[in-house]
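Inspection log for the structure reproduced underneath, given as structure tokens.
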Amino acid sequence: MAVRNANDLARAAQRSHDGRAPAEPNDEAFQFACDHVAAELEREGDVAPLVEKLSQARHVMTHLLSQEVPAYLLPHFRELDELVRDMSRRVDASMKNFEAGHMEDAA
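Counted the way the UniProt record's numbering counts, the sequence shown spans residues 1 to 107.
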């Protein structure tokens, strides 16, 4: 087994941290991959299940908000929480519009 010095340990810790850190939104490869996956989901008609799961995740996010989140993940966690809340609000509003339309049709 090799003897490790402080620099080796620091580099190993940094690589471990870098592997867990989310991609930066301004990273060109990350943006390309996001656009590609979004187009793929849209082509395959898989957007509705994604919206459904995001909308239903609001209870999970509420629970996770009560947990301790590492500081480097907080900005991403807040963005995810806002996305889930926005999707949930949109789905709720759409359901109300749908139900109101059915009430008018029945009258």
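Where is the CB? At the ideal position from N, CA and C, for every residue including glycine.
Keep in mind the model is a prediction, meaning the values are calculated, not measured.
In the structure shown, what three-state DSSP assignment does glycine 45 receive?
Indexing the sequence shown from 1 puts residue 45 at position 45. Here glycine 45 sits in coil by DSSP.
Whole angstroms are fine: how far does the CA of leucine 80 sit from the CA of leucine 74?
If you number the sequence shown from 1, residue 74 lands on position 74. If you number the sequence shown from 1, residue 80 lands on position 80. Going by the C-alpha atoms only, they are around 10 Å apart.
How would you label leucine 65, buried or exposed, when you count the other beta carbons within 10 angstroms and need 16 or more for buried?
Here residue 65 is taken as the residue at index 65 of the sequence shown, counted from 1. Classification for leucine 65: exposed.
Inter-stretch contact (C-beta, 8 Å, three-pair minimum) for the region 33-49 and the region 84-91:
no
Measuring only the C-alpha atoms, how far is alanine 38 from phenylalanine 77?
Indexing the sequence shown from 1 puts residue 38 at position 38. Indexing the sequence shown from 1 puts residue 77 at position 77. Each residue's Cα considered, the two are about 20 Å apart.
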